[in-house]
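Accompanying notes for the structure given below.
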Amino acid sequence: MKYIQFYNSIIGTLTILADNNYLNAILFDNQIKYTKENPNKITNITANYLNNYFNNKEIKLEIKLNPYGTEYQQNVWKLLLNVKYGTIKTYKDIKELYEIKYNKKTASIAIGQAVSKNPIPIIIPCHRIIGSNNTLTGYAGDLDKKEILLKHEGITSINY
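Residue numbers (our numbering): 1 to 160.
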């Protein structure tokens with residue numbers, strides 16, 4: 001069964017999607033629209049996590065994630081989980097980390113494509129990945145939301 005909960009934030013209404021055991025996705029208001037809530041324990045815990053994030057409180061992830069994607073995408077998303085609050089990495093940095101961890105060559109553009117398909121933004125912090133020239137590049141929620149999230153985390157050293 002699919003569980004749905006809405007969360008109002010500084011970047012608009014987020015839609016939290018979960019099943020009985022896992023968080024599956026967080027959607028921005030410019031993505032697929034759901035009209036009816038059907039929350040469960042996982043969506044409630046996720047909403048609490050988002051409350052803590054947006055209120056600058058210490059965050060501990062207490063749920064299991066199950067983002068739908070290819071093995072390659074999931075491996076990239078696992079690397080993103082290590083990009084800590086208030087820090088940024090470039091697509092090139094993630095490419096290099098991927099090549100070391102998985103002992104496989106890849107391209108920055110492939111990393112960028114995997115990052116762009118992240119179905120659980122904020123929790124899998126794809127907003128912390130920027131271009132090598134220190135600029136914002138693509139974001140599913142749009143670049144305005146990415147900028148708001150980075151500024152919220154105190155990151156001001158980017159060419160906005």
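From the three backbone atoms N, C-alpha and C, an ideal C-beta is built for every residue, glycine too.
Have a look at residue i and residue j and give me their C-alpha separation to the nearest angstrom.
i: K41; j: F6; result: 14 Å
i: K146; j: H127; result: 5 Å
i: S108; j: E62; result: 31 Å
i: I158; j: T137; result: 11 Å
i: G12; j: T90; result: 26 Å
i: N21; j: N66; result: 9 Å
i: I32; j: I148; result: 21 Å
i: L143; j: L150; result: 10 Å
i: N134; j: K64; result: 32 Å
i: P39; j: N56; result: 24 Å
i: A110; j: N82; result: 19 Å
Can you list, in chain order, the residues of its chain with a C-beta nearer than 7 Å to that of residue i? Leave out the 5 residues immediately preceding and following it.
i: P121; result: I26, H127, A140 and G141
i: E99; result: K105 and T106
i: L97; result: L79
For residue i, which residues of its own chain have a beta-carbon under 8 Å away from its beta-carbon, when the five flanking residues on both sides are left out?
i: S9; result: L50 and F54
i: L80; result: I94, V115, N118, I124, P125, C126, R128 and I129
Quick check on this structure: which residue in the options has the alpha carbon closest to the alpha carbon of residue i?
i: A47; options: L149, Y68, P125 and L17; result: L17
i: H152; options: I88, K92, D19 and G131; result: I88
For residue i, does the three-state DSSP call read helix, strand or coil?
i: I45; result: helix
i: N118; result: coil
i: F6; result: strand
i: Y72; result: helix
i: I130; result: strand
i: G12; result: strand
i: L64; result: Contrary to the premise, residue 64 reads as Lys rather than Leu in this sequence. Looking at K64 - three-state DSSP - the assignment turns out to be strand.
i: N159; result: strand
i: A110; result: helix
i: Y22; result: strand
Quick one: measure Cβ to Cβ for residue i and residue j, integer angstroms, because I've assumed they're closer than 8 Å.
i: S132; j: K92; result: 5 Å
i: G112; j: I155; result: Rounded, the Cβ-Cβ distance is 19 Å, inconsistent with contact.
i: Y68; j: N24; result: 7 Å
i: K2; j: D19; result: 6 Å
i: I59; j: N52; result: 5 Å
i: Y102; j: N75; result: 6 Å
Quick one: what's got a C-beta closer than 6 Å to residue i's C-beta in the same chain, skipping five residues either side?
i: T43; result: Y3, Q5, I16 and A18
i: L14; result: Y7 and I26
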